[in-house]
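S.K.: Have a look at this one before I ask anything.
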Amino acid sequence: MKTPVLIVGGGPVGLAMADDLGWRGIPCVLVEKTDGRITQPRMDMVHVRTMEFCRRWGIVEWVEDAGYNRDYPQDNAWVTSLNGYELGREPFPSPREEKPPPQSPQKRERCPQNFFDPVLARFCESFPHVTRRYRTELVEFTEHEAGVTARVIDHTTGRDDTIEAAYMVACDGAGGGIRERLGIKLTGNPVLTYTTNAIFHRAGLEALYRLAPAYRFIFIGPEGTFATLVAIDGRDHWRFSLVGSRDYRPLGEADISAAIERAVGCRFDFEIISIMPWTRRELIADHYGTPRVFLVGDSAHQLSPTGGFGMNTGIQEAIDLAWKLEARLAGWGGEALLSSYEIERRPIAARNVHEAADNLARMLSSREHRPPPEIFLPGAAGDAARRVFGERFTATMRREWFTLGIQLGYRYEGSPILIPDGTAPPPDDPATYVQTARPGHRAPHVFLAPGRSTLDLYGRGFVLLRLGRTPPDASALVAAAASRGVALRQCDVMNEAAEALYERRLVLVRPDGHVAWRGDRVPDDALGVIDRVRGASA
Ligand SMILES: Cc1cc2nc3c(=O)[nH]c(=O)nc-3n(C[C@H](O)[C@H](O)[C@H](O)COP(=O)(O)OP(=O)(O)OC[C@H]3O[C@@H](n4cnc5c(N)ncnc54)[C@H](O)[C@@H]3O)c2cc1C
812 MKTPVLIVGG GPVGLAMADD LGWRGIPCVL VEKTDGRITQ PRMDMVHVRT
862 MEFCRRWGIV EWVEDAGYNR DYPQDNAWVT SLNGYELGRE PFPSPREEKP
912 PPQSPQKRER CPQNFFDPVL ARFCESFPHV TRRYRTELVE FTEHEAGVTA
962 RVIDHTTGRD DTIEAAYMVA CDGAGGGIRE RLGIKLTGNP VLTYTTNAIF
1012 HRAGLEALYR LAPAYRFIFI GPEGTFATLV AIDGRDHWRF SLVGSRDYRP
1062 LGEADISAAI ERAVGCRFDF EIISIMPWTR RELIADHYGT PRVFLVGDSA
1112 HQLSPTGGFG MNTGIQEAID LAWKLEARLA GWGGEALLSS YEIERRPIAA
1162 RNVHEAADNL ARMLSSREHR PPPEIFLPGA AGDAARRVFG ERFTATMRRE
1212 WFTLGIQLGY RYEGSPILIP DGTAPPPDDP ATYVQTARPG HRAPHVFLAP
1262 GRSTLDLYGR GFVLLRLGRT PPDASALVAA AASRGVALRQ CDVMNEAAEA
1312 LYERRLVLVR PDGHVAWRGD RVPDDALGVI DRVRGASA
């Protein structure tokens, strides 16, 4: 079997990789060693940028309709138990009521992995040139100058197959072996906590307690934060997480059941569906691959789920890599294009990995500064202590809840395939995102007409925006692109908000939606611009 791209791993990142390649018309084969069923959903927060990619692919409604109860409250609350005391709460609207931020046509969505993976898989199915093979495991591979020879075993038939691929993308997660086979090491902290998650079923859990429902409860006992509970489908399935510590302690079903009842604060009937012990880490791969093999997603970084950054970071990587693979396979991408993947994406992953670990430290701060015993006692003194503790904890946790800067503000500073314009970068603040068309940043969103965003212009090939009533002639740049076989579409935009945000009269946007170059006139060396952005002169 021959394929331009072999994707190993059919988790959300591998599926997104296949989706973007499929959408670009690039044939690929995805192998996944399991049958693809998810009994222990991990991710559930699809951030704004990922939803912008879903918009590009035309599958926003599939995500919205995937199965999460869109009316379920999305508050985060910290409590002693569901039948104990509430210490504080950060209110959020339900998915149905939440509005997109002004900087985007999309909002974040709650869509746990058992709903999201099937959406991504369904999109793959719409491309006849994308092949997915489940119960098929990569067992070994050899990288050579022209590509990769991979041996896979089909566990259904027992058949041993060889796949020849020009490129291989390792979306094999934290436990996959490709990174290690390539001799690439991880740097960071290998154990933040040994945590145990349990998915349990209980209809009408809310009737067992008197507090207002929430998407996520954080439980605080005399020892500090000890567990969380998440409304995983907004109906009757719950994810309980015993946060644990750096000390490994194996837990059986009886331990988990007792902890669930402690958190809920009463005995009740429930069914544990699956238990997953896992290690929370703060790690990043020293390199993002080799000339023919690329690490994408959890194979490249492993981070604490506090913030919901893991999959979203991985999907951004898939988007960064897909158009570059397309360019190389089509022949218009230069030698430096694929090496820019690591240069652009690794710093973003490092920032997110550390921010996630800091979020964990904030959540566990109540362990270092133990809660005062009064917060567990009834009466006025208890109320006063709860107010003081709760307000402090609420303020501490806010950084995890408001992360538009992390979601949209990432930029590819110093990338060799961008042309800087000499302007200073805006602050990279986790909470704040200021739109800018500075090269390396996500091209800003502006509604050009009701329901039609500037973002809808981007995705296929480069887009050259000409802004204003009398835009400069850009035919030299168009001709330069054509001479190199680079797909470039010219788009005239007359919109005051866009002109103000984009700040220049010509803006070149890459196929991933990031700005590559901007200026008020085409430079004398138009060919030099095109060669730089296609990775041929870096
Ligand atoms: C409790 C929890 C909550 C989380 N919440 C969020 C969240 O809200 N938002 C978010 O963005 N992230 C979240 N994350 C992180 C997120 O789940 C991961 O970042 C994401 O699943 C990584 O996707 P992936 O496709 O890279 O890897 P994985 O999901 O691990 O998928 C890798 C796949 O590769 C397959 N595989 C491995 N080796 C082979 C082989 N040799 N051959 C074939 N197949 C192979 C595996 O079977 C697996 O299916 C959370 C994580 C946890 C633990």
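Start counting the sequence shown at 812; every next residue gets the next number (the working numbering). All C-beta atoms, glycine included, are put in the ideal place defined by N, C-alpha and C.
1) How big is the Cα-Cα spacing for S1286 and I1029?
2) Per the contact definition of three or more C-beta pairs closer than 8 Å, is the segment 1168 to 1176 in contact with the segment 1115 to 1125?
3) Does Q1218 come out as helix, strand or coil in the three-state DSSP assignment?
4) Pop quiz: R1249 and V1326 are said to be a contact at Cβ under 8 Å. What is the actual Cβ separation, rounded to whole angstroms?
5) Starting from the C-beta of P1237, find all residues in its chain whose C-beta is less than 7 Å away, skip the five residues before and the five after it, and write them out in chain order.
6) Note down, in chain order, each residue of its chain lying with its Cβ closer than 6 Å to the Cβ of T850, except the 5 sequence neighbours on either side.
7) Identify which residue in G821, K1135, H858 has its Cα closest to the Cα of V842.
8) With burial defined as no fewer than 16 other Cβ atoms inside 10 Å of the residue's Cβ, what is the status of Y1005: buried or exposed?
9) Looking at P838 and ligand 1, is the gap between the Cβ and the nearest heavy atom below 7 Å?
10) In the DSSP output, which residue or residues are listed as bridge partners for E901?
11) If you draw a straight line from the C-alpha of G988 to the C-alpha of V859, how long is it?
12) Y1005 bridges to which residues according to DSSP?
13) Give every residue of the same chain whose Cβ lies closer than 7 Å to the Cβ of L1268, excluding the five residues on either side of it in the sequence, and list them in chain order.
14) Enumerate, from N- to C-terminal direction, the unbroken alpha helix (DSSP H) stretches of 4 or more residues contained entirely within the segment 1210 to 1272.
15) Go to L817, then tell me how far its alpha helix (DSSP H) extends in each direction, as first and last residue.
16) For Y1099, does the three-state DSSP call read helix, strand or coil?
17) Could you tell me which whole beta strand (DSSP E) segments of length 3 or greater appear in the segment 909 to 955?
18) Would you mind giving the Cβ-Cβ distance between V1075 and Y1020, rounded to the nearest angstrom? I have them listed as a contact below 8 Å.
19) In angstroms, rounded to a whole number, what distance separates the CA positions of R990 and W1089?
20) Does ligand 2 have even one heavy atom less than 7 Å from the beta-carbon of P823?
21) What does the alpha-carbon distance come out to for the pair P923 and W1049?
22) Which full runs of the alpha helix (DSSP H) of 4+ residues lie inside the segment 845 to 886, going along the chain?
23) Report buried or exposed for F864, applying the criterion of at least 16 other Cβ atoms within 10 angstroms of its Cβ.
24) Taking contact to mean 3 or more Cβ pairs, one atom from each stretch, closer than 8 Å, check whether the segment 1221 to 1241 and the segment 1288 to 1308 are in contact.
25) If you measure from the CB of W1212, is any heavy atom of ligand 1 nearer than 7 Å?
26) In whole angstroms, what is the alpha-carbon distance linking V1344 and A1147?
27) What first and last residue would you give for the beta strand (DSSP E) that runs through G1339?
28) Quick one: what's E975 bridged to in DSSP?
29) Flag R853 as yes when its Cβ comes closer than 7 Å to any non-hydrogen atom of ligand 1, and as no otherwise.
30) What would DSSP say about W834, mapped onto helix, strand or coil?
31) To the nearest angstrom, report how far apart V1318 and D855 are at their CA atoms.
32) Can you tell me the Cα-Cα spacing of R1321 and R1060, whole angstroms?
33) N1163 by DSSP, collapsed to three states: which one?
34) What do you reckon, are the CB atoms on W1134 and D1323 nearer than 8 Å?
35) Return yes when at least one heavy atom of ligand 1 lies under 7 Å from the C-beta of N1000, else no.
36) Tell me whether D983 counts as near ligand 1, meaning its Cβ is closer than 7 Å to at least one heavy atom of that ligand.
M.R.: With the structure as the only source:
1) 58 Å
2) yes
3) helix
4) 7 Å
5) V1245, T1247
6) S1085
7) G821
8) buried
9) no
10) N887
11) 31 Å
12) T1090
13) V1274, C1302
14) 1215 to 1219
15) Segment 813 to 819 is the beta strand (DSSP E) holding L817; no alpha helix (DSSP H) there.
16) coil
17) 941 to 944, 947 to 955
18) 7 Å
19) 19 Å
20) Ligands in the displayed structure: ligand 1; ligand 2 is not one of them.
21) 11 Å
22) 859 to 868, 871 to 875
23) buried
24) no
25) no
26) 10 Å
27) Here G1339 belongs to no beta strand (DSSP E); instead the alpha helix (DSSP H) covers 1337 to 1344.
28) K813, T960
29) yes
30) helix
31) 35 Å
32) 49 Å
33) helix
34) yes
35) no
36) yes
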